[in-house]
Amino acid sequence: MSVLIVIPARYASSRYPGKPLVELTGATGVAKTLIQRSWEAAMTVTGVERVVVATDDARIRDAAEAFGAEVVMTSESCRNGTERCAEAAAKLGDAYEIVVNLQGDAPLTPAWFIEDLVAGLRANAWAELATPVLRCEGEMLASLREDRHHGRVGGTAAVFGAGNRGLYFSKEVIPYTAGSYLPHDPTPVFHHVGVYAYRPDILAQYPEWHVGPLEELEGLEQLRFLENGRAVLCVEVEARGRQFWELNNPSDVPRLQAMMAEMKLP
Numbered sequence: 264m265s266v267l268i269v270i271p272a273r274y275a276s277s278r279y280p281g282k283p284l285v286e287l288t289g290a291t292g293v294a295k296t297l298i299q300r301s302w303e304a305a306m307t308v309t310g311v312e313r314v315v316v317a318t319d320d321a322r323i324r325d326a327a328e329a330f331g332a333e334v335v336m337t338s339e340s341c342r343n344g345t346e347r348c349a350e351a352a353a354k355l356g357d358a359y360e361i362v363v364n365l366q367g368d369a370p371l372t373p374a375w376f377i378e379d380l381v382a383g384l385r386a387n388a389w390a391e392l393a394t395p396v397l398r399c400e401g402e403m404l405a406s407l408r409e410d411r412h413h414g415r416v417g418g419t420a421a422v423f424g425a426g427n428r429g430l431y432f433s434k435e436v437i438p439y440t441a442g443s444y445l446p447h448d449p450t451p452v453f454h455h456v457g458v459y460a461y462r463p464d465i466l467a468q469y470p471e472w473h474v475g476p477l478e479e480l481e482g483l484e485q486l487r488f489l490e491n492g493r494a495v496l497c498v499e500v501e502a503r504g505r506q507f508w509e510l511n512n513p514s515d516v517p518r519l520q521a522m523m524a525e526m527k528l529p
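Spelled out as structure tokens, the structure:
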């Protein structure tokens, strides 16, 4: 019943080159790189056998090894984090029950998001992979709308149906709602948290599939599973007072640092 966490990280991002090595300053004034903070988040998750950083860049490898991470070198041809996870898992060669993709731009991911995700996949035999979703409160929904209004990708929305089976993911704010919400009001919009738990067989198949039109348009790797008719479980997680945001743009750095200061995260 073993779990492997892979943190895919590449230097040559088209939107934000060098992002894994960007430093974030915590509440105590200590600056650490994004990849180190993501690795430290992974190390707090219980029930995990192994945590590795998967990269194709020597600068990221050297930085990760310097703070004690295990690194798996992968090819430059990986088109996204899921393909990099698949290659890393194949290289490691061990028979893990579940492989978790904790993307290297989500250092504020609480441990219980991943723990609930793994538990959800284990409890639903029909699901081939699982991903967390967080119900937006009014303040978060307003932030997503503001980012889209200014042409920024502030986050991804998830839509799911009966049994929490995933229907669609989008960088647009969906589903449409004309409602007006106070900062702490629950809304019908769910923020997709960029973490995945795969069964090894479906992960191994993923790189063999062609990139479909939806994945191409949205730039969202999880859509390849939906376009190939695979069963995606959306696991609703609870914030428990924690703020969550991913680092997608340079403008997200001060936002994340402010969140860390408010939550007193070192």
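Following our numbering, the numbering of the sequence shown begins with 264 at its first residue and continues without gaps.
Ideal Cβ positions, reconstructed from N, Cα and C, are used throughout, including at glycine.
All values reported here derive from a predicted model rather than from experimental measurement.
Can you check DSSP and say which residues form a bridge with residue i?
i, result
"Ser433", "Ala420"
"Thr394", "Cys497"
"Glu400", "Pro449"
"Val315", "Val269, Glu333"
"Ala294", "Thr288"
"His455", "Val396, Thr419"
"Ala460", "Val363, Ala393"
"Arg428", "Leu496"
Among the candidates the options, whose CA atom is the shortest distance from the CA of residue i?
i, options, result
"Glu509", "Gly457, Glu478, Gln468, Ala351", "Gly457"
"Gln506", "Asp515, Leu519, Val316, Pro513", "Leu519"
"Leu477", "Glu303, Val285, Leu430", "Leu430"
"Gln299", "Glu333, Arg415, Gly424", "Glu333"
"Arg324", "Val314, Arg313, Met336", "Met336"
"Val269", "Ala524, Arg278, Ala369, Val396", "Ala369"
"Val314", "Ala351, Ala326, Leu287", "Ala351"
"Asp379", "Pro529, Glu312, Glu499", "Glu499"
"Ala327", "Asp357, Gly367, Thr309, Val516", "Gly367"
"Gly504", "Leu397, Gly310, Glu312", "Leu397"
"Asn343", "Tyr459, Asn512, Ala502", "Tyr459"
"Arg278", "Ser514, Met523, Ala521", "Ser514"
"Pro529", "Pro280, Lys295, Leu267", "Lys295"
"Gly482", "Tyr439, Phe432, Val436", "Phe432"
"Ala524", "Thr288, Glu471, Asn511, Glu400", "Thr288"
"Leu404", "Pro280, Pro438, Ser340, Glu471", "Pro438"
"Asn511", "Trp375, Arg385, Gly383, Gly414", "Gly414"
"Arg408", "Pro373, Asn387, Val436, Leu284", "Val436"
"Ser406", "Val452, Asn427, Arg385, Ile377", "Val452"
"Glu501", "Asp357, His454, Ser265", "His454"
"Val266", "Glu490, Arg428, Leu384, Glu471", "Leu384"
Would you mind sorting residue i into buried or exposed? The rule is 16 or more other CB atoms within 10 Å of its CB.
i, result
"Ser301", "buried"
"Thr291", "exposed"
"Val474", "exposed"
"Phe330", "exposed"
"Gly424", "exposed"
"Lys434", "buried"
"Met526", "exposed"
"Met306", "exposed"
"Ala420", "buried"
"Asp448", "exposed"
"Gly417", "buried"
"Gly442", "exposed"
"His412", "exposed"
"Tyr469", "buried"
"Val311", "buried"
"Thr309", "exposed"
"Val293", "exposed"
"Lys354", "exposed"
"Ala521", "exposed"
"Asp410", "buried"
"Leu480", "exposed"
"Thr372", "buried"
"Leu445", "exposed"
"Ala304", "buried"
"Thr450", "buried"
Does residue i come within less than 7 Å of chain C when only Cβ atoms are used?
i, result
"Ile437", "Given the protein chain composition of this structure (a single chain), no chain C is represented."
Quick test of the definition: if touching needs 3 or more C-beta pairs under 8 Å, does the stretch 484-499 touch the stretch 347-355?
no
Across the stretch 266-286 and the stretch 317-328, are there enough close Cβ pairs to call them in contact, namely three or more that are closer than 8 Å?
yes
What ranges does the beta strand (DSSP E) occupy inside the stretch 337-368, keeping only unbroken runs of at least 3 residues that lie completely in it?
361-365
Does the stretch 459-469 come close enough to the stretch 352-370 that 3 or more CB-CB pairs lie under 8 Å?
yes
Taking one C-beta from the stretch 491-501 and one from the stretch 384-394 each time, how about it: are there three or more such pairs within less than 8 Å?
yes
If you scan the stretch 467-518 from start to end, which runs of the alpha helix (DSSP H) of 4 or more residues do you find wholly inside it?
476-481, 486-490
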